[in-house]
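Residue numbers for the sequence shown follow the working numbering, so the first one is 27 and each next one is one higher. By construction, the Cβ of each residue, glycine as well, lies at the ideal position given by its N, Cα and C atoms. Working notes for the structure below.
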Amino acid sequence: MSRVTIIGTITAKPETREELQNLLAAQVAPTRAEPGCINYDFHVDAGDPCVFVFYENWRSQADLDAHMKMPHLLPLVSEIHRLLPSPFEIRHLTMLSTIIYAH
27 MSRVTIIGTI TAKPETREEL QNLLAAQVAP TRAEPGCINY DFHVDAGDPC
77 VFVFYENWRS QADLDAHMKM PHLLPLVSEI HRLLPSPFEI RHLTMLSTII
127 YAH
């Protein structure tokens with residue numbers, strides 16, 4: 027099995043930015059606790075506070091698939107289209123380099 031990396035970009039409507047940020051931030055802790063989650067990092071674009079980016083690494087595609095079915099995603103999934111002016115972007119990447127952790 028190879029690790030799976032996801033980069034998700036989500037742009038909020040200006041009037042729903044805070045609500046979306048709260049829903050997205052609520053996903054961090056439960057997702058990091060999931061089996062197979064290597065890391066799950068939530069960012070905001072330094073130049074546009076309406077643009078949020080997730081950087082995720084999963085042990086396998088099966089772990090990512092299980093994540094997408096987790097009940098803690100339901101509040102976000104049920105509201106996502108109301109909060110966005112356009113569809114969000116998800117890029118699936120396969121790591122080619124060796125993982126090296128600095129100490």
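| Check | Outcome |
| --- | --- |
| Entirely enclosed alpha helix (DSSP H) segments - the region 77-122, minimum 4 residues | 87-93 and 100-109 |
| First and last residue of the uninterrupted beta strand (DSSP E) at T31 | V30 to T37 |
| Buried or exposed (CB count within 10 angstroms, at least 16 for buried), V103 | exposed |
| With 16 other Cβ atoms within 10 Å as the buried cut-off, status of A38 | buried |
| DSSP bridge partner residues for N48 (one or two, in chain order) | Bridge partners of N48: none, in fact. |
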